Structures are given as structure tokens and as C-alpha cells.
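Novice: The numbers in this note's numbering rise by one with no breaks, and the one at position 57 of the sequence shown is 57. If you scroll down you'll find the structure; I have some questions about it.
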Amino acid sequence: MNEIVFKIIFATLFAIYIVIRGPYDKEYKQIEKIKTLNSLTDKCLLILMTIGLLLMPLIWLLTPFLNDFKIEFPDWFRIVGILISIISLFYFRRIHKTLGTSWSPTLEITKRHQLIQIGVYKRIRHPMYLQMLIWAIAQCLIISNYIAGFSGLMVWIIFYFIRVPKEEEMMTDYFGEKYIKYKKQTGSIFPNIKNSNLLT
Numbered sequence: 001m002n003e004i005v006f007k008i009i010f011a012t013l014f015a016i017y018i019v020i021r022g023p024y025d026k027e028y029k030q031i032e033k034i035k036t037l038n039s040l041t042d043k044c045l046l047i048l049m050t051i052g053l054l055l056m057p058l059i060w061l062l063t064p065f066l067n068d069f070k071i072e073f074p075d076w077f078r079i080v081g082i083l084i085s086i087i088s089l090f091y092f093r094r095i096h097k098t099l100g101t102s103w104s105p106t107l108e109i110t111k112r113h114q115l116i117q118i119g120v121y122k123r124i125r126h127p128m129y130l131q132m133l134i135w136a137i138a139q140c141l142i143i144s145n146y147i148a149g150f151s152g153l154m155v156w157i158i159f160y161f162i163r164v165p166k167e168e169e170m171m172t173d174y175f176g177e178k179y180i181k182y183k184k185q186t187g188s189i190f191p192n193i194k195n196s197n198l199l200t
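Written as C-alpha cells, this is what we have:
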């Protein structure tokens with residue numbers, strides 16, 4: 001399959017990603033914030049994610065600068081990546097619908113913030129980070145490039161292991177014992193099989 005076809009497909013999938021998030025981002029900007037941990041570390045992490053999941057793919061899409069780093073994946077491998085990304089988009093939409101006004105792109109508590117424990121949040125605490133991981137894996141397969149393909153996965157690893165502990169500390173401070181109990185009953189991005197029966 002021609003490389004331009006994969007570029008068009010990836011661009012379309014990314015556009016759908018933006019369309020799904022758009023309304024929630026607009027609503028988030030209108031909500032009053034109660035507590036914000038807008039640290040330099042968090043700003044740097046968000047910049048890294050933007051580079052890995054947006055800038056590098058855009059460079060691959062629009063310029064020849066990364067052509068020398070192409071990986072010769074077979075077409076079927078890249079098609080699997082497309083299927084994975086489609087699944088991740090359905091999951092992404094479901095996460096946003098479940099979160100509603102409790103979603104925030106930064107570490108902060110809003111006036112409408114709730115501790116969501118239903119739907120995709122019943123078994124895991126961070127389905128949004130899981131979705132980002134799935135998308136990053138799909139990006140590796142579709143883009144088939146050592147730099148633009150793997151950039152998302154590399155920055156996700158850094159983002160997840162630095163940001164999640166800070167986020168959970170913030171949630172514990174705000175929700176107290178309720179979040180501590182929820183944390184014991186769930187996994188971070190994969191279900192806690194041992195204690196999953198506690199939520200049923």
C-alpha cells in the first residue's frame with residue numbers, strides 16, 4: 001500500500017481524535033478551578049506529550065525530514081495499527097462521556113469535579129492513560145518510523161511514571177478516605193484482579 005494512503009488514514013484518525021475531545025475541552029475552559037498544580041514539571045510533561053503525539057507525527061505527515069528513519073513494516077502490520085487506533089477512539093469517546101465535566105488536561109480540581117467510579121472507571125483509575133498508551137502503540141505501527149512512530153510511546157512512559165503519582169496524591173488530598181478505598185479496589189491502568197470483586 002502506498003505511503004500516502006497510510007498518511008491520509010492516520011490524519012483522518014487524528015482528526016477524529018480532535019473532534020471527540022473538542023466539546024470537552026471547550027466545556028473545561030468554562031469551569032471554575034478550585035485547585036491547580038500547574039508546576040514546571042507538569043508543563044514540561046505536557047510539552048513532551050505534544051511533541052511525541054502531535055509534532056512528530058505532523059512532521060512525518062507533512063515533510064520528508066524523517067524519511068531516512070522509516071521502518072519497513074509489512075502492510076498488514078500497519079493495518080493492525082489502524083484497527084487498534086479505531087478501537088482506542090471508541091474507548092476515548094467512552095472515557096470522555098463517563099468523565100463528563102470531571103475531565104481536565106492538567107493536574108487540577110474543578111468546581112464540578114467528582115470521583116468517578118462507574119463505567120470504565122469501575123476497575124481502573126486511569127483509563128485515559130491506558131487509551132493514550134493504546135494510541136501510542138497504534139502510532140508506532142501505522143507511522144512505521146523510528147522517530148515519529150516511537151516518539152509517542154517514549155514520552156508516554158515518561159509522562160505516566162512521573163505524572164500519575166502526583167495526580168493520585170492530589171486526588172487523595174481532595175477526596176480523602178474515599179479515594180484511598182477506591183485506590184485499593186482498583187488497578188492503575190489494568191484491573192486489580194485480586195480486589196476487583198470489592199466494587200461489585
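Ideal Cβ positions, reconstructed from N, Cα and C, are used throughout, including at glycine. All values derive from a computational prediction rather than experimental measurement.
Going residue by residue through the region 160–198, where are the continuous alpha helix (DSSP H) segments of at least 4 residues, counting only ones entirely within it?
Specialist: Fully enclosed alpha helix (DSSP H) runs of 4 or longer: 177–185.
Novice: To the nearest angstrom, how far is the alpha carbon of glutamate 108 from that of arginine 93?
Specialist: As a first step, residue 108 is located in the sequence shown; it is residue number 108 there, counting from the start. As a first step, residue 93 is located in the sequence shown; it is residue number 93 there, counting from the start. Glutamate 108 and arginine 93: Cα-Cα distance of roughly 21 Å.
Novice: Whose CA, out of Ile18, Tyr28, Met128, Thr41, lies closest to the CA of lysine 166?
Specialist: Here residue 166 corresponds to residue number 166 of the sequence shown, with the count starting at 1. Checked all of Ile18, Tyr28, Met128, Thr41; the closest Cα to lysine 166 is Thr41.
Novice: Between the region 70–88 and the region 139–151, can you find at least three pairs of beta-carbon atoms closer than 8 Å?
Specialist: As far as the Cβ criterion goes, the region 139–151 touches the region 70–88, which means the pair count is three or higher.
Novice: Report the partner residues of threonine 36 according to the DSSP bridge assignment.
Specialist: Within the sequence shown, the letter at position 36 stands for residue 36. BP columns for threonine 36 point to Glu108.
Novice: Count the other C-beta atoms from every protein chain shown that fall within 10 angstroms of the C-beta of leucine 62, then say buried if there are 16 or more, exposed otherwise.
Specialist: Numbered from its first residue, the sequence shown carries residue 62 at position 62. That one is exposed.
Novice: With three or more beta-carbon pairs closer than 8 Å as the criterion, would you say the region 7–15 touches the region 49–66?
Specialist: Judged by Cβ distances under 8 Å, the region 7–15 makes contact with the region 49–66, as three or more pairs qualify.
Novice: In whole angstroms, what separates the C-alpha of glutamate 25 from that of proline 64?
Specialist: In the sequence shown, residue 25 corresponds to position 25, counting from 1. In the sequence shown, residue 64 corresponds to position 64, counting from 1. A small correction: the amino acid at residue 25 is aspartate; glutamate does not occupy that position in the sequence shown. About 32 Å.
Novice: For a test of the three-state rule: what should DSSP assign to asparagine 67, helix, strand or coil?
Specialist: If you number the sequence shown from 1, residue 67 lands on position 67. Asparagine 67: helix per DSSP, three-state reduction.
Novice: Is threonine 110 closer than 8 Å to isoleucine 20 when the C-beta atoms are compared?
Specialist: As a working mapping, residue 20 is identified with position 20 in the sequence shown. As a working mapping, residue 110 is identified with position 110 in the sequence shown. Not closer than 8 Å, so no.
Novice: Within the continuous alpha helix (DSSP H) that includes methionine 132, where are the two ends?
Specialist: For the purposes of this step, residue 132 is identified with residue 132 of the sequence shown, where counting begins at 1. Looking at the DSSP string, the run of the alpha helix (DSSP H) that includes methionine 132 is 127–143.
Novice: Is the CB-CB distance between tyrosine 91 and glutamine 117 below 8 Å?
Specialist: For this step, residue 91 is matched to residue 91 along the sequence shown. For this step, residue 117 is matched to residue 117 along the sequence shown. Not a contact, by the Cβ cut-off of 8 Å.
Novice: Assuming isoleucine 124 contacts isoleucine 189 under a Cβ cut-off of 8 Å, what Cβ separation, rounded to an integer in Å, is found between them?
Specialist: Here residue 124 corresponds to residue number 124 of the sequence shown, with the count starting at 1. Here residue 189 corresponds to residue number 189 of the sequence shown, with the count starting at 1. Contact flag correct, Cβ pair sits at about 6 Å.
Novice: If we cut at 8 Å on Cβ distances, does tryptophan 60 have a partner in chain C?
Specialist: Absent from the structure: chain C. Only one protein chain is present.
Novice: Buried or exposed, going by whether 16 or more other CB atoms sit within 10 Å of the CB of proline 74?
Specialist: Here residue 74 refers to the residue found at position 74 of the sequence shown. Proline 74 should be labelled exposed.
Novice: Go through its chain and collect everything with a Cβ distance to methionine 154's Cβ below 6 Å, but skip five positions before and after it.
Specialist: Walking along the sequence shown from the start, residue 154 turns up at place 154. Contacts found: none.
Novice: What does DSSP give as the partner residue(s) for isoleucine 124 in the beta ladder?
Specialist: Mapped onto the sequence shown, residue 124 falls at position 124. For isoleucine 124, which the question treats as bridged, DSSP gives the partners Gly187.
Novice: DSSP three-state call for leucine 115: helix, strand or coil?
Specialist: On the sequence shown, residue 115 is found 115 positions in, with the first residue counted as 1. The answer is coil: DSSP assigns leucine 115 none of H, G, I, E or B.
Novice: How far does the alpha helix (DSSP H) with serine 88 in it reach, from first residue to last?
Specialist: One-based indexing of the sequence shown puts residue 88 at position 88. Counting along the chain, the alpha helix (DSSP H) containing serine 88 begins and ends at 75–99.
Novice: Smallest Cα separation from lysine 181: which of Leu115, Lys7, Ser102?
Specialist: Here residue 181 corresponds to residue number 181 of the sequence shown, with the count starting at 1. Residue Leu115 is the option with its Cα nearest to lysine 181.
Novice: Compute the Euclidean distance between the alpha carbons of serine 102 and lysine 178, then round it to the nearest angstrom.
Specialist: Within the sequence shown, numbered from 1, the residue matching residue 102 stands at position 102. Within the sequence shown, numbered from 1, the residue matching residue 178 stands at position 178. Distance between the alpha carbons of serine 102 and lysine 178: 16 Å.
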